[in-house]
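A short worksheet on the structure shown next.
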Amino acid sequence: MLPHQMQYAQSKFRSLIEGSFGNEFEKLFHRVMELRHEDYVPIRTAGSIGDLGGDGLRTVGRRLYACYAPETFNVSEVRGKFRSDVESAIIQRPEQFDIFVFVHNDQRGGIHPVISGLLMEAGKDHPRIAFQQMGPQKIWHEAMFLDRLRMEHLLGEAIPVELVAYRIGMAEIEPLLKHLADHRQHDASTGDVPLPTTHKVEYNELSPQARQVLQAGRPYGYLVEQYYREGLDLRERDEVADSFRAYYRRMRNEHGDDADEILWQMQRYVLGQEAARWEREEAAKAVLAYFFDECDIFEVPPPGWQPSIDVEGGAA
Numbered sequence: 000m001l002p003h004q005m006q007y008a009q010s011k012f013r014s015l016i017e018g019s020f021g022n023e024f025e026k027l028f029h030r031v032m033e034l035r036h037e038d039y040v041p042i043r044t045a046g047s048i049g050d051l052g053g054d055g056l057r058t059v060g061r062r063l064y065a066c067y068a069p070e071t072f073n074v075s076e077v078r079g080k081f082r083s084d085v086e087s088a089i090i091q092r093p094e095q096f097d098i099f100v101f102v103h104n105d106q107r108g109g110i111h112p113v114i115s116g117l118l119m120e121a122g123k124d125h126p127r128i129a130f131q132q133m134g135p136q137k138i139w140h141e142a143m144f145l146d147r148l149r150m151e152h153l154l155g156e157a158i159p160v161e162l163v164a165y166r167i168g169m170a171e172i173e174p175l176l177k178h179l180a181d182h183r184q185h186d187a188s189t190g191d192v193p194l195p196t197t198h199k200v201e202y203n204e205l206s207p208q209a210r211q212v213l214q215a216g217r218p219y220g221y222l223v224e225q226y227y228r229e230g231l232d233l234r235e236r237d238e239v240a241d242s243f244r245a246y247y248r249r250m251r252n253e254h255g256d257d258a259d260e261i262l263w264q265m266q267r268y269v270l271g272q273e274a275a276r277w278e279r280e281e282a283a284k285a286v287l288a289y290f291f292d293e294c295d296i297f298e299v300p301p302p303g304w305q306p307s308i309d310v311e312g313g314a315a
């Protein structure tokens, strides 16, 4: 799909998932996984045996998925369902899975602290099994790899062919962009920030123009770190990093080794397709530089790698 079509699909998918609870959410999850993975098998309840602790199973990936999507979150109910599903799955499906994935509909960029605690406890009680969570953002990470026809099947509608401009790309980082736009002008750089020296820029063969994009954002990377450090949700940074990694993988699949095109597409992913005001564009550069230097996007050189020609600068 073209970038503007992906933006359209993401907007529609977000609307779908925000209005899905209970069985409707589970059906939507099944549609995503069946379209994305050939080895995914939805599990239906069968009489007195129930679903044996799972709602879906990847036979090759050996992942068992258990869905919980209430309209109103209830701590005692989710605790009971989680423990019941884990116990049932381990007793009745002992050789069928290696990873237990708790699928939820929490829209707030993370998972409830009670659930994160349950995942940790389950991992200690059952060290052979890996326990993970999967919320709306990670479900979208699966959907974004669909081609246009499969995406249209998922959304239940045709995706417009004509170019449509969207102001917001990654809606979940809109508060971060505002934070950077508001503070950047008050925190002028004290001078050029030297590029780190592990040669990530050279390894990915980024052009001088692409280097300038990253370098322009680098003096304000500390504002990104500050934003996540002082935020109320400690998982927000990891969720956003997951989004960047997933979209980077998709762009790498589409554009191969064309690093400049990938960086350009990543910037459009942050800002949307509409021309941005300069302060938003500069904020986006700071976000890209931050996740580039944190090694969430682009390839990391193997230990000891050196460029064949010593170009001034480098990147972490």
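FYI, the numbering for the sequence shown is 0 to 315, going by numbering that gives the first Met the number 0. Ideal Cβ placement from N, Cα and C applies to all residues, glycine included. These numbers come from a predicted model, not from an experiment.
Three-state secondary structure assigned by DSSP to residue i
i       : result
Val-100 : strand
Arg-316 : Any property of residue 316 remains undetermined from this structure, which presents the chain solely from 0 to 315.
Leu-153 : helix
Ser-206 : coil
Pro-135 : helix
Val-31  : helix
Gly-190 : Only weak support is given to the placement of Gly-190: the predicted model assigns it a pLDDT of 44, under 50, and the question is left unresolved by the model.
Ser-242 : helix
Ala-259 : The residue asked about is misnamed: residue 259 is Asp in this sequence, not Ala. Note: Asp-259 maps to helix in three-state DSSP.
Ser-307 : coil
Pro-159 : coil
Glu-141 : helix
Leu-15  : helix
Pro-301 : coil
Asn-73  : coil
Pro-93  : coil
Arg-276 : coil
Phe-20  : coil
Gln-225 : helix
Asp-295 : coil
Asp-105 : coil
Leu-316 : No answer is possible for residue 316: it lies beyond the span of the chain, which begins at 0 and ends at 315.
Gly-271 : coil
Met-0   : coil
His-36  : coil
Residue from the options whose Cα sits closest to the Cα of residue i
i       : options                           : result
Gly-303 : Lys-284, Lys-199, Arg-61          : Lys-199
Glu-298 : Arg-244, Leu-145, Met-150         : Arg-244
Asp-241 : Arg-251, Tyr-202, Phe-290         : Phe-290
Gln-6   : Gly-18, Asp-259, Gln-266, Ser-206 : Gln-266
Ala-121 : Arg-61, Leu-145, Ser-87           : Ser-87
Glu-340 : Arg-236, Arg-57, Asn-22, Asp-38   : This structure cannot speak to residue 340, because the chain is shown only from 0 to 315.
Pro-218 : Gln-4, Ala-288, Glu-76, Ala-65    : Ala-288
Pro-174 : Arg-30, Leu-270, Ala-65, Gly-18   : Leu-270
His-140 : Pro-207, Ala-8, Ser-19, Ala-65    : Ala-8
Pro-126 : Pro-300, Ile-89, Leu-153, Phe-144 : Ile-89
Asn-252 : Phe-144, Pro-93, Lys-26, Leu-34   : Phe-144
Phe-28  : Ser-75, Gly-60, Leu-154, Glu-76   : Leu-154
Pro-300 : Tyr-202, His-36, Ser-14           : Tyr-202
Met-150 : Gln-305, Trp-277, Arg-35          : Arg-35
Tyr-226 : Leu-176, Val-74, Leu-63, Trp-277  : Leu-176
Leu-179 : Tyr-64, Val-223, Glu-229          : Val-223
Tyr-67  : Phe-20, Ala-142, Arg-279, Pro-207 : Phe-20
Ile-138 : Asp-124, Glu-76, Phe-24, Gln-91   : Phe-24
DSSP beta-bridge partners of residue i
i       : result
Ala-129 : Ile-98
Gly-55  : Pro-41, Tyr-64
Own chain, CB closer than 8 Å to residue i, minus 5 neighbours either side, in chain order
i       : result
Glu-156 : Lys-11
Gly-255 : none
Glu-204 : Asp-256, Ala-258
Val-40  : Gly-55, Leu-56, Arg-57, Thr-58
Gly-190 : Because the pLDDT of Gly-190 is 44, which lies under 50, any placement of that residue in the model is unreliable, and the number read from its coordinates should be weighed accordingly. Excluding sequence neighbours, Gly-190 sits near nothing in its chain.
Same chain, Cβ closer than 6 Å to residue i, neighbours up to 5 away in sequence not counted
i       : result
Gly-79  : none
Met-0   : Arg-147
Tyr-129 : The residue you asked about is not Tyr; residue 129 is Ala in the sequence shown. Contacts found: Ile-98.
Ala-215 : Lys-284
Arg-210 : Val-200
Glu-260 : His-254
Gln-4   : Ile-158
Sequence-distant residues of the same chain with beta carbon closer than 7 Å to residue i, five excluded per side
i       : result
His-111 : Phe-72, Asp-105
Minimum Cβ-Cβ distance from residue i to chain D less than 9 Å
i       : result
Glu-260 : In summary, chain D is missing from the structure at hand, where a single protein chain is found.
Open item on the list: Quick test of the definition: if touching needs 3 or more C-beta pairs under 8 Å, does the segment 90-110 touch the segment 126-138?
Closed with: Three or more pairs of CB atoms, one per stretch, sit closer than 8 Å, so the segment 90-110 contacts the segment 126-138.
Task: the segment 69-87 in contact with the segment 112-127 per 3-pair CB rule at 8 Å - done: Output reads yes: the segment 112-127 touches the segment 69-87.
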